[in-house]
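Q: Got a structure for you, questions after.
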Amino acid sequence: MTHSMSVSLHKMHVKRRGKSILGPIDLELAPTGFTMVLGPNGAGKTTLLKVLHGIERVSSGSVQWSVSGAQAQQEQAYVFQSPIMLRRSVSQNLAYPLQISGISKAEITGRVETWLDRIGLSNMAERPATRLSGGERQKLALGRALIRDPQVLFLDEPCANLDGRSTREIEALLLNTLHTGTRIIMTTHDIGQARRLASDVVFLLNGELHEQGRATEFFDEPKTPEAKAFLNGDIVE
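At position 212 of the sequence shown the residue is numbered 215 (the numbering used here), and the sequence of numbers has no breaks.
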């Protein structure tokens, strides 16, 4: 996998019905790393992920990947907080993104078996995906996103409402994904999780980029009172 997909936002602004939702933001993200997008509810975290992924329309400014728009879209995957399961088996859910890519049946079979093992669902291969638990669904959604070997993975609160065991399993899968070369950009409300996983942090407040930097610096020495208050668990407005 090549690491060539950096992205820059220039005066990027999202408005809905005349109200500013996010921005204007100037932001550059390197082609590697694990970026954690933090901030209180309503800060614009999910909107930023959707803008980067190209599923949220920008009102003004620009989002520029270091490759063509078509290639950027092809090399990305997005896992929603509440992933939608196809009304098919676990195996068929995993196979679907490969089938629409025109990959041979033999290769699909091999990749599905590999990913069933990686996400720990081999014994549930033929179970209807809609009958999985929350943690199992999230692991399946992650496997379905990663089976195409994307360069960039977007995750919106992937461990929300999951128990400790499921969270630990998903974090291990994400770290392994990072080490194999996939760029990860993720939102979370779990500060402990952010500390465990992030290489860098984007902190949003009231739809604006309030602070950005290396994770160790952000957590140990936040630059602003608002970031410090947020990390302390205080209400930040």
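Even glycine gets a Cβ: it sits at the ideal position worked out from N, Cα and C.
Residue range of the alpha helix (DSSP H) that Asp120 falls in?
A: 108-121
Q: If I measure Cβ to Cβ from Glu220 and keep anything under 7 Å in the same chain, skipping five residues before and after, which residues do I get?
A: none
Q: Can you tell me whether DSSP reads Arg198 as helix, strand or coil?
A: Here Arg198 sits in helix by DSSP.
Q: Would you identify the three-state DSSP class for Phe206, choosing helix, strand or coil?
A: strand
Q: Ile24 and Met15: beta carbons closer than 8 Å?
A: no
Q: Pick out the complete alpha helix (DSSP H) segments inside the stretch 15-80, 4 residues or longer, and give them in chain order.
A: 48-56, 72-77
Q: Are the stretch 161-171 and the stretch 48-67 touching, with three or more C-beta to C-beta distances below 8 Å?
A: no
Q: Under a three-way DSSP split, which group does Arg182 fall into?
A: Note that residue 182 is His in the sequence shown here, rather than Arg. Note: His182 maps to helix in three-state DSSP.
Q: Within the continuous alpha helix (DSSP H) that includes Arg140, where are the two ends?
A: 137-149
Q: With DSSP run on the structure shown, which of helix, strand or coil describes Met8?
A: coil
Q: Are there 16 or more other CB atoms within 10 angstroms of the CB of Gly42, so buried, or fewer, so exposed?
A: buried
Q: Determine the burial state of Ile87: buried for a count of at least 16 other Cβ atoms within 10 Å of its Cβ, exposed for fewer.
A: exposed
Q: Go to Asp223, then tell me how far its beta strand (DSSP E) extends in each direction, as first and last residue.
A: No beta strand (DSSP E) contains Asp223, which is instead part of the alpha helix (DSSP H) from 218-223.
Q: Met8 and Val70 look like a contact to me (Cβ under 8 Å); what is the Cβ gap, rounded to whole Å?
A: 6 Å
Q: Suppose contacts are defined by Cβ-Cβ distances below 8 Å. Is Leu177 in contact with Leu143 by that definition?
A: no
Q: Grab the span of the alpha helix (DSSP H) containing Leu97 for me, first residue to last.
A: 93-102
Q: Using the rule of at least 16 other Cβ atoms within 10 Å of the residue's Cβ for burial, across every protein chain shown, is Asn44 buried or exposed?
A: exposed
Q: Which residues share a DSSP beta bridge with Met127?
A: DSSP output for Met127 lists no bridge partner at all.
Q: Find the nearest neighbour of Gly195 within the set Val155, Arg217, Leu234, Asp120, judged by alpha-carbon distance.
A: Leu234
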